[in-house]
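J.:
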Amino acid sequence: MNVRFIPVLLLTGVLVSCGGNKEVKELPLRPVKVEKVMPLNVVTKSFSGVVAPDQFSDLAFRMSGPLVSLNVDEGQTVKRGQVIAEIDPNDFKLTNEADYSNYQTAKSQLERAKNLLAKQAISVQEYETTEARYSSAKANYEYSSSILSDTKLRAPFDGFIAKKYVENYQKVQAGQGIVSLINPSKLLVNFTLPETNAPALQGDYKIYVEFESYKGKLFSAKIRDFVEASPDGAGLPVTLLIDDPAFKIDLFKVSVGYSCTILLETFNSNYTNVYSVPLSAIFSDPKTNQKCVFVYNSQTESVEQRAIETAGLFDADRVAISSGLKENESVVTAGVFSIIDGQKVKLLTE
């Protein structure tokens, strides 16, 4: 990731005290938001995604005809080989029976021709003509048998019916969608990566998926498909496969269409011991003009004013901190101008 540092100019906060170790008494609990301090050599970006099926199909008949049965409803689970729908087979049965009769006749004629050829009672040309008629009759019979079998539409894999496109007794055309079948046990995640973040995929990175229904639980994932050019200028389509052994579809009830957050974690060894905080966390002490932050202490539920040194601005809304903070400390990111050193605060949740 290319990081460009820009000098940071900060306004002095109003009502911010540099009171050192003065004890603060009977102040109201101010609501604040906090964020953990992260090293700049590990930068995390988040994107919105949606769960998509890895295996899905719009099932259709090879032939036209009226439906005589449609045995499923939307949301219903089906097994591989289960009959989903059936077209009226009567005309196809008649064709198949006629083809079978022709095939049997041609087969008998071929056997007779073999015997006659062995006795030199017919020419080789006559035999080859009989053999060609047999091959044609056999092919016609096999084809009509296949068509007759396909008047029953069967599930090609285990799954559930996501959508029904037709109703029973309706006349359908060859290739017309009857139902949409999805395998819920094989899931992918789709999201759009902004073009400005595409270079991150050329370096060292990790990807995690967090589902809205399982906040705080991160599952590792890998890129399955990645389009290197933006088709419409909106970003690069990326498809992820969750390869985390802890992600089990029967344990975590996640389905197609669920929303999720993709976390792209990139690494850069050039910024060791440099940390990243939001620009909103930083203010200037009114007495010393020293840049400061409030560090939240979870044990005392209070804040401590801490002087820092900045190394520049990056990503438009974040600041690089070269000294004054440690990794995983929590800094106040919202409400800094409503609190003072040592004050107890109340954390705001999302």
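Numbering-wise, the sequence shown is residues -5 to 344 according to the working numbering. Where a beta carbon is used, it is the ideal one built from N, C-alpha and C, also for glycine. Predicted, not measured: the structure shown is a model, and the values here were computed from it.
Apart from the five residues just before and just after F241, which ones in its own chain have a Cβ nearer than 8 Å to its Cβ?
T.: Cβ neighbours of F241 beyond the five flanking positions: F213.
J.: When the distance is taken between beta carbons, is N184 closer than 9 Å to L64?
T.: No, the pair does not count as a contact, with Cβ atoms beyond the cut-off.
J.: Which same chain residues end up closer than 7 Å to V36 when comparing Cβ atoms and leaving out the 5 residues on each side of it in sequence?
T.: Excluding sequence neighbours, V36 sits near E259 and F261.
J.: Go ahead and label V339 buried or exposed: buried means 16 or more other beta carbons lie within 10 angstroms of its beta carbon, across all protein chains shown.
T.: So V339 ends up on the buried side.
J.: Comparing the CB of S324 with every heavy atom of the ligand ZN, is any distance shorter than 8 Å?
T.: What this structure holds is no ligand at all, so the ligand ZN is not there to describe.
J.: Bridge partners of D328, per DSSP?
T.: According to the sequence as given, residue 328 is Ala; it is not Asp. Beta-bridge pairing links A328 to K27.
J.: Could you check the C-alpha separation between I334 and A46 for me, to the nearest Å?
T.: Each residue's alpha carbon lies about 48 Å from the other.
J.: Assess, as a yes-or-no matter, whether the region 147 to 160 is touched by the region 186 to 199 under the definition of 3 or more beta carbon pairs within less than 8 Å.
T.: At 8 Å Cβ cutoff, the stretches do not touch.
J.: Please return the same chain residues whose Cβ sits closer than 7 Å to the Cβ of S332, not counting the five positions on each side in sequence.
T.: R24, listed in sequence order.
J.: I need the straight-line Cα distance from V72 to L142, nearest angstrom please.
T.: Taking the straight line from one Cα to the other gives about 22 Å.
J.: Between which residues of its own chain and D144 is the CB-CB distance below 6 Å, once the five residues before and five after are set aside?
T.: Excluding sequence neighbours, D144 sits near R56.
J.: Using a Cβ-Cβ cutoff of less than 8 Å, which residues in the same chain neighbour V31 once the five nearest sequence positions on both sides are dropped?
T.: Answer for V31: Y269, S270, V271, I315, L319, K320, E321, N322, E323, S324 and V325, listed in chain order.
J.: In the structure shown, what three-state DSSP assignment does A168 receive?
T.: Reduced to three states, the DSSP call for A168 is coil.
J.: Among the candidates L245, K87 and Q293, whose CA atom is the shortest distance from the CA of K211?
T.: Checking every option, the nearest Cα to that of K211 belongs to L245.
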